[in-house]
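Visitor: Going by numbering that gives the first Met the number 0, the sequence shown opens with residue 0, and the numbers climb by one from there.
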Amino acid sequence: MTARFWGPTLDCPDPLELGEFYQRVAGGELTVVTESFVELRFEAFSLGFQRDLNYRAPTWPDPRVPQQAHLDFSAEDLDAEQARVVAAGATPTAVQPAPDIFRVFLDPAGHPFCLTTWRTPAGPPESR
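This is the structure we're talking about:
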């Protein structure tokens, strides 16, 4: 028997704010909402958001506070998806290492996340 993957949990100062942000970005359903934890459920996995009163936002690309982890979201049209996630509350980062393939943003708690054409018809040939 093996453990079934549930999904990642992100530490943050406000779990509901971050859960609602990612719901605007990726859909899903908020299935658990407490003061200290929010679950955003998708068909095959969940994203968790856990209150951390000592949370320090990553300073990516500056390594003073490492990013620890980041989420990637598929997007065939990076410009359209960028407009959508910015409208949802994301902030584009000043550093964009490969803007034709990946766009890097910060969520409201400062976690980096990417939109990518990787493994989409619009992506680079080696990713298909």
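Built from N, CA and C at the ideal position, the CB exists for glycine as well. Only a predicted model underlies this, so the values are computations on that prediction, with no experimental measurement involved.
Would you give the residue range spanned by the beta strand (DSSP E) that A31 belongs to?
Guide: In the sequence as presented, Ala is not what sits at residue 31; that position holds Val. Run containing V31: E28 to V32, per the beta strand (DSSP E) assignment.
Visitor: Report yes if the CB atom of L105 is closer than 8 Å to the CB atom of A93, and no otherwise.
Guide: No, the Cβ-Cβ distance between L105 and A93 is not below 8 Å.
Visitor: Put D78 into one of helix, strand or coil per three-state DSSP.
Guide: If DSSP states are grouped into helix, strand and coil, D78 belongs with the helices.
Visitor: Of the residues R63, P123, G27 and A82, which one's Cα is nearest the Cα of L46?
Guide: When each option's Cα is compared against that of L46, the closest is G27.
Visitor: When we look at the beta-carbon of L52 and count the other beta-carbons within 10 Å, is it buried (16 or more) or exposed?
Guide: Exposed, by the Cβ-count rule.
Visitor: How long is the line joining the alpha carbons of L15 and P98, rounded to whole angstroms?
Guide: Taking the straight line from one Cα to the other gives about 30 Å.
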